[in-house]
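Asks:
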Amino acid sequence: MRQTDRYPVEGPNSLWQMYSTISRWKAVRNFIFIQISRYTPSLPLKRWIYRRVLGMKVGEQASFALMVMVDVFFPEKIEVGDNTIIGYNSTILTHEYLIKEYRLGRVRIGSHVMIGANTTILPGVTIGDHAVIGAGSVVHKDVAPYSFVAGNPLRVIREDVRKEPVSLNME
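In our numbering, the protein residues as written are 5 to 175.
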């Protein structure tokens, strides 16, 4: 189950009211630095921006591929462990702006996790250590350590990747 905090809104949908939840300056600053991070091939520069500018908790040797999109409004709610790989064009969200409410949730990604390309991680999710997420997945619930999950809806492919090596090439 995702762990999110819910905030009801009155009037127009919550996206129209987003600047009452976050300053415009923070949104613009975060957007600029996230775009720099998305396009730079330098992993140390990305980690520096994520840690020092955006306030994320990023472990040693954590790797973010090109085009990874972290949450623009609340990146400080993202934690990534050591030696984790986030695949090309993946998205990590910590907010959801809905019609009658908005939700915020911390995203925790463990150590030694492999996340395939084009994966979307929704707010309030915890991904355990050594987990493997197949390419193109939508992570809408917690993922147990050492498990291999994939798809939309997300399903468990293998409960323990230690028993047999995993390839993200889902043939």
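Think of the CB as a built atom: it goes at the ideal place given N, C-alpha and C, for glycine as much as any other residue. Since this is a predicted model, take the numbers as computed values, not measurements.
Just confirm the distance between the C-beta atoms of ILE82 and ILE96, as a whole number of angstroms; I'd bet it's less than 8 Å.
Replies: Sure, about 6 Å apart at Cβ, within 8 Å.
Asks: May I ask you to verify whether the segment 154–168 touches the segment 33–44, counting CB pairs closer than 8 Å and requiring at least 3?
Replies: They do not touch, by the three-pair rule.
Asks: What first and last residue would you give for the alpha helix (DSSP H) that runs through LEU108?
Replies: Taken as a continuous stretch (DSSP letters only), LEU108 belongs to no alpha helix (DSSP H), being part of the beta strand (DSSP E) at 105–108.
Asks: With 16 other CB atoms within 10 Å as the buried threshold, where does MET5 fall?
Replies: Classification of MET5: exposed, given that the 10 Å Cβ count is below 16.
Asks: Rounded to the nearest angstrom, what separates ARG51 and VAL76 at their Cα positions?
Replies: So the alpha carbons of these two residues sit roughly 16 Å apart.
Asks: Taking the beta carbon of VAL160 as the centre, do at least 16 other beta carbons fall within 10 Å, making it buried, or is it exposed?
Replies: Result: exposed.
Asks: Please list the terminal residues of the continuous alpha helix (DSSP H) segment that includes VAL84.
Replies: Premise fails: VAL84 lies in the beta strand (DSSP E), 82–84, not in any alpha helix (DSSP H).
Asks: Since PRO100 sits in a beta bridge, which residues does DSSP pair it with?
Replies: It should be noted that the sequence gives Glu, not Pro, for residue 100. Note: GLU100 sits in a beta bridge opposite ARG107.
Asks: Measure from the alpha carbon of ARG33 to the alpha carbon of each residue in THR8, SER18, PRO79, ASP133, then state which is nearest.
Replies: Closest by alpha carbon: PRO79.
Asks: For my contact list, ASP133 and VAL117 are in at a C-beta cut-off of 8 Å; report their separation, rounded to the angstrom.
Replies: Contact flag correct, Cβ pair sits at about 7 Å.
Asks: Please report the straight-line C-alpha distance between ASP146 and PRO12, rounded to a whole angstrom.
Replies: Rounded to the nearest angstrom, the two C-alpha atoms are 24 Å apart.
Asks: Assuming the contact rule is C-beta atoms closer than 8 Å, ALA135 and ALA148 should be a hit. Round their C-beta distance to whole Å, please.
Replies: Correct: roughly 7 Å between the Cβ atoms.
Asks: ASN87: which of VAL57, ASP9, GLY114, PRO127 sits nearest, CA to CA?
Replies: When only C-alpha atoms are compared, the closest one is GLY114.
Asks: Give a yes or no on whether the C-beta atoms belonging to ARG10 and GLU105 are separated by under 7 Å.
Replies: Yes, the pair counts as a contact, with Cβ atoms nearer than the cut-off.
Asks: With a Cβ-Cβ cutoff of 7 Å, do GLY85 and ALA69 count as a contact?
Replies: Cβ distance not < 7 Å, so GLY85 and ALA69 don't count as in contact.
Asks: Relative to the C-alpha of ILE131, which candidate in ALA139, SER151, LEU108 has its C-alpha closest?
Replies: Looking at the Cα atoms, SER151 is the closest of the given residues.
Asks: Since ARG107 and THR8 should fall inside the 8 Å C-beta cutoff, what is the C-beta to C-beta distance between them, to a whole number of angstroms?
Replies: Indeed they touch by this definition, with Cβ atoms about 4 Å apart.
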